[in-house]
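Peer 1: There's a structure below that I have some questions on.
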Amino acid sequence: MLYREAGQFKTSYDTDQSIFPIRQDRWVIALYMAVAIFAVPLMINDYWANAVLLPLLIYAMAALGLNILVGYCGQISLGTGGFMAVGAFASFKLTTAFPELNLIIVLLLSGCITAAVGVLFGLPSLRIKGFYLAVATLASQFFLVWLFNKVEWFYNYNATGQITMPPRDVFGFQITGPEAKPAITYLFALGFIMIFGLIAKNIVRGRIGRMWMAIRDMDIAAELIGVRPLMAKMSAFAVSSFYIGVAGGLYFTVWLGAAEVTEAFDINQSFLVLFMVIVGGLGSILGSFLGAAFLVLMPILLKNFMVDWLGVAAVTAKHVEITLMGVLIIFFLIVEPHGFARLWQILKEKLRLWPFPY
Amino acid sequence: MSDSLLYFIEVTIGGLLAGVMYSLVALGFVLIFKASGIFNFAQGVMALFAALTLVGLMEKLGVPAWVAIIMTVGVMILLAWLIERMVLQHLVNQDPIILFMATIGLAYVLEGIGDLMWGSDVKVLNVGLPDGAVDWLYDFNIYVTKLELVAAATAALLVAVLAIFFQKTRIGRALRAVADDHQAALSVGISLRTIWVIVWSVSGIVALVAGIMWGSSSGVQFSLSLIALKALPVLILGGFTSIPGAILGGLIIGVGEKWAEIYLGEYIGYAIENWFAYVLALAFLLIRPQGLFGEKIIERV
Amino acid sequence: MMFRKLSMVIAAAVIAAPMAAVVAPAAELTIPSLAYRTGPYAPNGIPFANGYADYWNLLNERDGGIEGSKVNVVECETAYNTKQGVECYENTKGEGAGALVYQPLSTGITYQLIPKASSDQIPVFSMGYGRTSAANGKVFDWIFNFPATYWDGATTIVQYIAEQEGGMDKLKGKKLALVYHNSAYGKEPIRTLEVMAEKYGYQLLLLPVDHPGQEQKATWLQVRKEKPDWVMMWGWGVMNQVAIKEAASIRYPMDHFIGIWWSGSENDVLPAGDAADGYLAAAVHAPGADFAVHKDIMKYLYDKGKGAGEADRVGEVLYNRGLAAAMWTSEAIRTAMKIHGTNEPTAAQVRDGFENLKVDEARLAELGLKGFTYGIEISCANHSGPGKAAIQQWDAKAKQWRIISKFYERMPEITGPLIEEDSAAYAKENNITPRSCN
Amino acid sequence: MTQIERVIGDTLLKVENISLGFGGVQALSNISFDIKEHEIRAIIGPNGAGKTSMLNVINGFYHPQEGAITFKGEVRRTMRPHEAAKQGIARTFQNVALFKGMSTLDNIMTGRNLRMSRNIFWQMLYLGPARREEMEHRHRVEEIIDFLEIQAIRRVPVGKLPYGLQKRVELARALAMEPELLLLDEPMAGMNVEEKEDMCRFILDVNEQFGTTIALIEHDMGVVMDISDRVVVLDYGRKLADGTPDEVRGNQDVIDAYLGVPHDEGEA
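Chains as they are written, first to last, in my numbering: chain A, 1 to 358; chain B, 1 to 301; chain C, 1 to 438; chain D, 1 to 268.
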């Protein structure tokens with residue numbers, strides 16, 4: 001009986017439209033946040049930061065961005081890797097050109113630059129639909145990677161095209177470079193993802209979010225009631241790319257610290273983020289997080305389990321891991337095609353009725 | 001004939017033949033998409049899997065190539081059946097993107113199993129296909145490899161066979177019916193599931209052919225699965241649902257990217273063919289959103 | 001149910017991570033091996049990893065470890081992927097008494113580890129790959145890339161070419177093409193080759209090939225058009241095999257086609273069959289399994305079924321490369337033990353071992369590797385050793401590589417300034433003050 | 001809601017000599033008629049007569065080859081659908097075109113889209129103007145929800161609703177735009193008698209209370225004759241007749257068109 005909204009009356013549309021209308025939800029979320037902010041930094045170490053939590057947060061950010069485009073606006077994109085590269089190289093150029101510039105500003109600017117690029121590459125979506133668009137977006141993926149690999153200006157004319165993030169600190173805390181403390185980098189990334197997660201939620205529950213979903217569900221009808229496809233699609237591309245750009249920036253500056261465009265932003269990156277969005281749940285903010293969690297944690301988990309517990313040889317473990325990932329993806333698609341987010345909802349519905357089935 | 005012209009011809013032929021190799025992969029995509037509306041991302045891995053199995057059988061059992069090929073065909077058919085059983089039948093009437101996702105999962109599984117079974121060493125595939133430049137052409141100072149000609153011939157044969165299969169046989173007609181609409185197919189009295197098994201088998205066999213061609217030229221190893229990326233621009237250029245589109249698209253992409261690499265490369269830098277293929281296809285789509293031979297989309301309310 | 005799954009995942013991960021740091025018995029030397037036996041570059045990764053593992057195991061089986069300390073080789077699969085490389089590094093660095101040295105075996109991962117390992121004070125031994133300017137020990141205290149760098153490789157190849165042409169002065173007006181993997185790795189030699197082009201007046205033609213490089217039609221049509229006198233290759237993975245095949249079928253003279261040491265293994269030439277006969281590649285060590293140490297490996301490992309790979313592949317080029325890496329690393333550890341008088345050196349002490357490493361022909365002979373490679377001596381300032389390399393040739397009939405030239409000396413006048421420049425830039429970017437070595 | 005005294009005003013929309021063809025097929029040939037303010041104007045005709053095409057032309061989804069359309073004194077031949085919407089033309093569809101993934105409430109809120117203006121930066125924060133705007137529009141939407149008696153299904157994804165209700169939600173979405181001209185494409189198709197009665201009531205109420213001008217396509221002659229002020233009859237893309245229900249009922253061509261063989265009345 002614990003999980004009920006019974007007796008929680010909405011006295012205004014305002015409260016009715018709040019993000020978590022049900023009190024228990026608010027408590028749970030608050031609890032999670034408290035743990036994430038206060039507990040985790042105390043127990044975190046290099047392994048947890050660099051191998052688990054930073055990837056998790058940063059991919060969640062990217063998935064969030066892609067979900068806005070694919071899940072809310074219905075435009076499939078396989079250009080994520082390329083757009084992350086834009087964010088990464090933008091932040092590299094900015095921070096090396098203006099060493100004094102605050103890293104937060106650098107990342108936000110990188111996001112804006114990526115948004116502009118995203119809009120540019122999003123233009124075809126006005127004419128091309130579905131998988132045709134999906135494949136077409138690969139053009140941006142391949143072109144951008146080629147560009148950053150080709151034009152030496154992007155990597156400051158160094159010998160090989162590898163970019164390395166110089167140490168930077170924000171408000172006296174070192175964020176990037178090898179000396180940065182795991183707890184600090186983690187909190188930095190966490191701050192970004194929490195703020196932008198909230199912002200995303202606000203956008204999708206308002207007018208613009210409805211515009212996107214209208215285009216997604218039935219573009220013709222949407223246009224007939226006054227939604228301009230141009231505006232809707234381009235804004236979706238812009239916002240989505242902004243998120244992906246910031247994610248790309250964090251990916252390079254805070255997590256990897258050094259990157260080579262042909263390898264760190266290759267096409268697998270685009271697919272990986274798309275998996276996260278679909279497995280997590282299209283058109284769901286929560287889903288973006290769950291999807292990222294699944295695809296980041298699961299392989300590490302399987303690996304550690306097989307190698308350290310079962311003592312399987314690293315290589316066999318890898319092969320099995322690949323196979324199992326495939327099996328799990330298919331399994332979850334069969335169990336619930338609408339992703340983890342929907343499973344979570346169903347669970348809540350059940351909880352609401354528990355212990356009485358009716 | 002002036003050298004530059006001769007060279008131009010050489011580049012063009014080279015492009016056409018490279019295009020044929022892409023078409024071989026694209027065909028598999030088209031077959032499945034046409035019959036079931038599934039964008040089968042696993043096509044590339046299927047080619048790898050088929051080639052791996054073929055090599056494995058030849059090495060482990062020491063059987064002659066043609067026997068191994070027949071056995072591999074059997075394996076691919078079995079695979080198709082399993083896929084229908086374990087994946088597709090649970091996902092009927094789901095959004096295309098969900099099925100797309102499922103095929104990606106499938107790609108993982110096949111890759112993992114392939115590695116587990118046969119290991120990830122590079123394997124030399126030799127089913128007795130000729131190799132090296134064609135001599136009499138080479139004397140004209142035109143460079144074409146025998147393997148490419150074989151591939152072209154095979155592709156032509158494949159398309160002919162498929163055409164006959166689709167036009168003449170009862171199953172083939174049924175498949176076309178499904179392509180148009182599923183209800184119709186059911187009314188013809190063939191279960192959708194049988195049809196899916198068939199179409200996946202067929203594209204599995206196409207994947208085997210592609211695997212043999214690519215495998216003979218570069219050895220059989222993981223990278224083989226990445227040829228799928230070469231086929232995607234062909235796919236959107238030719239239209240997801242058109243077999244002639246896949247062939248013609250392949251030729252256009254092949255020639256286009258080779259011309260770009262050699263004549264444009266000098267000015268904007270080399271290694272552009274990868275993205276150029278996509279840009280070419282994209283530019284084309286902007287003019288014809290449904291691809292070369294794709295069905296026209298008529299919007300109604 | 002979703003929630004339970006997720007929490008399970010997290011919970012398990014919580015347990016798994018500490019588990020990763022398996023507690024090892026004392027007097028054990030932890031040597032992580034960042035191998036890749038999967039993914040697009042597996043064919044190259046496997047033999048190297050086998051050679052690396054076999055040599056360590058041999059030390060354990062035959063000598064009971066190094067000076068009595070058993071070696072614990074922790075293999076971690078990176079699939080040649082930087083992100084997994086980072087995971088492997090973080091996962092293994094705390095292993096046992098702490099990882100002693102890393103062999104990243106990937107340019108990308110090396111660049112990752114340069115700052116990380118430096119701050120964790122763990123030496124990185126990127127043997128003949130990674131960041132060339134790490135040769136400057138003043139800036140890169142913790143990074144070692146002996147016996148030779150890519151830039152030495154480039155000078156070696158050009159020297160060989162000059163020799164065939166009849167002297168450095170004969171290079172003038174010649175046309176040299178570089179077919180390279182379009183990535184940081186492939187770009188490495190370009191500057192060196194450009195500087196030399198300036199100096200010796202040959203013409204340089206750059207032909208990038210994108211990953212993975214299965215389809216190089218355009219590249220080789222270029223070669224047909226430009227008709228370069230020599231073709232050099234910085235390739236990796238399937239790219240090598242396809243390039244050699246293509247070169248063969250356009251009937252480019254194989255003995256004018258020279259790869260770097262990562263483009264000269266059995267995997268690369270076998271698919272091309274007889275056509276590959278005569279293909280050349282740079283080498284820092286001899287191929288083949290007829291050294292004393294290989295006999296021991298057979299005796300102590302493969303005959304007992306403890307070999308890492310298949311017996312018939314022992315002695316392949318990349319296998320021997322892994323073996324060489326392990327050999328030099330073990331010698332560095334030995335040196336560290338001598339210097340600090342302990343049989344459980346720390347990573348920092350192993351670094352000292354590297355900086356005072358001296359393996360001359362005599363020592364090689366003792367190790368059962370007489371004539372396997374040349375003697376090296378590492379110092380605080382010079383982390384890249386003597387930088388010598390030879391040229392080896394493929395004999396398709398006998399299916400084996402043969403070294404056909406002397407070991408060419410490096411050309412400091414060419415590479416020195418470049419190394420200074422690049423390492424200085426790195427030092428400036430990451431505000432490192434170069435230490436003084438004396 | 002303010003009660004508007006319902007008096008037929010002067011011409012709101014005028015279509016003149018509209019011709020529309022797809023390839024060989026001539027969907028509309030030389031059609032002219034007008035719609036006056038506050039009236040309920042029915043467009044009838046057998047299937048394939050070009051009724052829906054007519055609506056599509058009016059709200060800019062199809063672009064006629066010839067002819068002119070005058071709306072609120074403005075003459076034009078073609079415009080983009082969203083421009084038509086901006087000018088105050090709303091529309092429902094023959095086979096429901098709702099946003100299946102969204103809840104009833106969101107569907108109707110989408111109808112307010114044109115009247116909402118707060119930019120994305122306010123929305124990111126979801127406070128200040130954006131929030132206030134959201135609230136006041138929510139109020140209007142709730143009024144419409146009450147008006148159409150669909151309070152119960154506010155939060156239900158419309159995909160899950162029965163057909164009749166979907167039609168009602170679609171009407172709600174159109175009303176949310178507060179249009180001057182409301183185009184209804186077979187609002188009662190596939191409904192049972194009670195649902196039809198409800199829908200008729202709603203249409204009349206809309207027309208009276210909001211003073212909205214309505215043009216509707218309907219097959220059910222009874223309904224048409226009851227509620228519409230004037231009727232225009234199309235057949236094979238031509239105009240057969242135009243006038244009050246009684247005039248039309250008496251028109252010989254119309255009788256032929258309906259009783260004449262190829263098509264028969266009532267089929268939806």
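Ideal placement from N, C-alpha and C gives every residue a C-beta, glycine not left out.
1. What are the residues in the segment 134–167 of chain A lying within 7 Å of chain B by C-beta distance?
2. I'd like to know whether the C-beta atoms of Leu301/C and Asp54/C end up nearer to each other than 8 Å.
3. Does any C-beta atom of chain A lie closer than 8 Å to the C-beta of Glu261/B?
4. At which residues does the alpha helix (DSSP H) containing Tyr32/A begin and terminate?
5. Quick one: Cα of Arg80/D to Cα of Leu224/A, how far?
6. How do the segment 165–177 of chain C and the segment 226–233 of chain C stand: do at least 3 beta-carbon pairs fall below 8 Å, yes or no?
7. Going by DSSP in three states, Lys187/C sits in which element: helix, strand or coil?
8. How is the alpha helix (DSSP H) around Thr92/C delimited, first residue to last?
9. Going along the segment 268–291 of chain A in order, which residues come within less than 8 Å of chain D, judged by CB to CB distance?
10. Spell out whether any CB of chain B is found under 8 Å from the CB atom of Val312/A.
11. At which residues does the alpha helix (DSSP H) containing Phe8/B begin and terminate?
12. First and last residue of the alpha helix (DSSP H) that includes Gly60/D?
13. Check the Cβ of Ala102/B against every Cβ in chain A and list those closer than 7 Å, keeping chain order.
14. When you check each C-beta in the segment 115–128 of chain D against every C-beta of chain A, which residues fall closer than 8 Å?
15. Just to confirm before moving on: does the CB-CB distance between Gly257/A and Thr176/A stay below 8 Å?
16. Can you give me the C-alpha to C-alpha distance between Phe131/A and Val96/D, rounded to a whole angstrom?
17. At a Cβ cut of 7 Å, what residues of the segment 35–49 of chain A count as close to chain C, listed as they run along the chain?
18. Ignoring anything shorter than 3 residues or poking outside the segment 189–252 of chain D, list the beta strand (DSSP E) runs there in chain order.
19. State buried or exposed for Glu74/D, treating a residue as buried only when at least 16 other CB atoms are found within 10 Å of its CB.
20. Could you tell me if Tyr505/C is buried or exposed, where buried requires 16 or more neighbouring beta carbons within 10 angstroms of its beta carbon?
21. Where DSSP assigns a beta bridge to Trp261/C, which residues make up the other side?
22. Give the DSSP-derived three-state secondary structure of Phe171/A in the structure shown.
23. Does Thr194/B pass the burial test, meaning 16 or more other C-beta atoms within 10 Å, or should it be called exposed?
24. With DSSP as the reference, label Lys123/B as helix, strand or coil.
25. For a cutoff of 8 Å on Cβ pairs, would you count Thr433/C as touching chain A?
26. Count the other C-beta atoms from every protein chain shown that fall within 10 angstroms of the C-beta of Ala152/D, then say buried if there are 16 or more, exposed otherwise.
27. According to the neighbour-count rule (16 or more other Cβ atoms, all chains shown, within 10 Å of its Cβ), is Met254/C buried or exposed?
28. Closer than 9 Å, Cβ to any Cβ of chain A: which residues of the segment 207–221 of chain C, in chain order?
29. At which residues does the beta strand (DSSP E) containing Asp34/D begin and terminate?
30. Can you tell me whether Trp142/C is helix, strand or coil according to DSSP?
31. Take the Cβ of Arg170/B as the centre, count every other Cβ of all protein chains shown within 10 Å, and call the residue buried at 16 or more, exposed below.
32. Kindly indicate if chain C contains any beta-carbon less than 8 Å away from that of Ala271/B.
33. Check the Cβ-Cβ distances between Lys204/C and every residue of chain B, and say whether any is below 8 Å.
34. By the three-class DSSP mapping on this structure, what secondary structure does Ile181/C have?
35. Going by DSSP, what residues sit across from Pro208/C in a beta bridge?
36. Quick one: is Tyr180/C buried, meaning 16 or more other Cβ sit within 10 Å of its Cβ, or exposed?
Peer 2: Working from what's here:
1. The segment 134–167 of chain A vs chain B, Cβ under 7 Å: Val135, Ala136, Leu138, Ala139, Phe142, Phe143, Trp146, Lys150.
2. Going by C-beta atoms, Leu301/C is nearer than 8 Å to Asp54/C.
3. Not one chain A Cβ lies under 8 Å of Glu261/B.
4. From DSSP, the alpha helix (DSSP H) with Tyr32/A extends over 23–34.
5. If I take the Cα positions, the gap works out to 9 Å.
6. Put simply, the segment 165–177 of chain C touches the segment 226–233 of chain C. At least three CB pairs are less than 8 Å apart.
7. Three-state result, Lys187/C: helix.
8. For Thr92/C, the uninterrupted alpha helix (DSSP H) segment begins and ends at 82–92.
9. Within the segment 268–291 of chain A, the qualifying residues are Gly283.
10. No, because no Cβ of chain B sits closer than 8 Å to the Cβ of Val312/A.
11. Counting along the chain, the alpha helix (DSSP H) containing Phe8/B begins and ends at 3–36.
12. Under the DSSP assignment, Gly60/D falls outside any alpha helix (DSSP H); it carries neither an H nor an E label.
13. Those within 7 Å of Ala102/B in chain A are Ile330, Leu333.
14. Cβ proximity to chain A below 8 Å picks out Met116, Arg118, Ile120, Gln123, Met124, Leu125, Tyr126 from the segment 115–128 of chain D.
15. Going by beta carbons, Gly257/A and Thr176/A fall inside the 8 Å limit.
16. Going by C-alpha positions, Phe131/A is about 26 Å away from Val96/D.
17. Listed in sequence order: Asp46, Tyr47, Trp48.
18. Runs found: 213–217, 230–235, 238–243.
19. Exposed, since its Cβ has fewer than 16 Cβ neighbours within 10 Å.
20. Outside the shown range of chain C (1 to 438) lies residue 505/C, about which nothing can therefore be said.
21. Paired residue(s): none; Trp261/C is not in a bridge.
22. DSSP, reduced to helix, strand and coil, places Phe171/A outside both helices and strands of the structure shown, so it counts as coil.
23. Counting Cβ neighbours within 10 Å, Thr194/B comes out exposed, since fewer than 16 surround it.
24. In this structure, Lys123/B counts as strand in the three-state DSSP scheme.
25. Answer no: the Cβ-Cβ gap between Thr433/C and chain A never drops below 8 Å.
26. Classification for Ala152/D: exposed.
27. With 16 or more other CB atoms across the displayed protein chains lying within 10 angstroms of its CB, Met254/C is buried.
28. Taking 9 Å as the upper bound on Cβ-Cβ separation, chain A lies near residues Pro208, Asp210, His211 of the segment 207–221 of chain C.
29. First-last of the beta strand (DSSP E) with Asp34/D: 25–36.
30. If DSSP states are grouped into helix, strand and coil, Trp142/C belongs with coil.
31. Under this definition Arg170/B is an exposed residue.
32. Yes, Ala271/B counts as interfacial toward chain C.
33. Correcting the residue identity first, residue 204/C is Leu in this sequence and not Lys. Not closer than 8 Å to any Cβ of chain B, the Cβ of Leu204/C fails to qualify, so no.
34. The residue you asked about is not Ile; residue 181/C is His in the sequence shown. Correct three-state label for His181/C: strand.
35. Paired residue(s): Tyr180/C.
36. Classification for Tyr180/C: buried.
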